[in-house]
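Numbering (our numbering), first residue to last: 2 to 255.
Structure follows, in structure tokens:
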């Protein structure tokens, strides 16, 4: 609000009256005047800084600010090595498979079966047929009967423990490429030493990303893995069972 106090000195004299001096009157105005900022481009050094005026925005640079590219690892690390490009496989390419399979099976079973049977039967009445009629026949020599008793006990204890391990490397060939990019691998290996022969075959499916930079894929990453291994020769004959033992183990007559 603005307060104005104009001073008016009016000397009015009347006949016979002393001179009167009027006090200054105050006038109120309901107009609120807010100081306006100076127009842009014209500095005003007399105006004190106010909290209503925002500070000058400086250009922002660095990580986390807009219009600034992020810091990459290859720009900040001295030991950064870029990843090798993904290899594109074709049919008949060679891939090394590292087989490392360990199997352990333990099983125990106990069977205890006891059975006892008692049977006792006596014929009190008997009939005979005469002219297609049933006529009672008295038991002159006594009432016939039958009685027997059976008892059987069966008990068996079984324990099986099997451990198998297979570790070898084999080179496989890409025989097919599925529509989703999976590779179908097939490998064969034959080793003959004198009279001994070892034959190994392997088939499976793997993803292209499972093959490492050294062109090696692990057997645990193969789908539908099938490994066949056969031995022939003196070593196999020394540990193999005879035909009679195989028949006994198969049918178990005893």
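For every residue, glycine included, the Cβ atom is placed at its ideal position computed from N, Cα and C.
In this structure, the alpha-carbon of residue 218 lies about 52 Å from that of residue 114. Taking residue 151 as the centre and dropping the five residues before and after it, the same chain places the C-beta of 118 closer than 6 Å to its C-beta, in chain order. Counting along the chain, no beta strand (DSSP E) covers residue 247; the unbroken alpha helix (DSSP H) around it starts and ends at 244-252. The beta carbon of residue 185 is closer than 6 Å to those of 176, 177, 206 in its chain, skipping five residues each way along the sequence. Of the candidates 200, 173, 124, 200 places its Cα closest to the Cα of residue 237.
About 5 Å separates the Cβ atoms of residue 128 and residue 135, confirming a contact at the 8 Å cut-off.
In the displayed model, residue 216 falls within coil according to three-state DSSP, outside both helix and strand.
Counting only unbroken stretches of 3 or more residues, the beta strand (DSSP E) elements lying wholly within the stretch 149-206 are 184-194, in sequence order. Only residues of its own chain outside the window of five on either side were considered, and among them 166 have a CB closer than 6 Å to the CB of residue 103, listed in chain order. Judged by DSSP secondary structure, residue 238 falls within the alpha helix (DSSP H) whose first and last residues are 235-240. Residue range 74-77 is occupied by the alpha helix (DSSP H) that includes residue 75.
Taking C-beta atoms as the reference points, residue 220 and residue 99 count as a pair closer than 8 Å.
Under the three-state reduction of DSSP, residue 221 is assigned to helix. A straight line joining the alpha-carbon of residue 116 with that of residue 159 spans about 21 Å. Out of 225, 198, 251, the CA that lies nearest to the CA of residue 233 is found in 198. Nearest C-alpha to residue 105 among 191, 163, 75, 194: 163. Counting only residues of its own chain and dropping the five nearest sequence neighbours on each side, residue 235 has a CB closer than 7 Å to the CB of 196, 197. Beta bridge pairing from DSSP links residue 111 with 158.
The alpha-carbon separation between residue 125 and residue 147 amounts to approximately 12 Å. Ranked by how close their Cα comes to the Cα of residue 222, the residues 211, 216, 228, 215 have 211 in first place. Cα atoms of residue 122 and residue 140: separation of roughly 16 Å, rounded to the nearest angstrom. With 16 or more other Cβ atoms inside 10 Å of its own Cβ, residue 188 counts as buried. For residue 93, the CB contacts under 7 Å within the same chain, skipping 5 residues up- and downstream, are 174, 175 in chain order.
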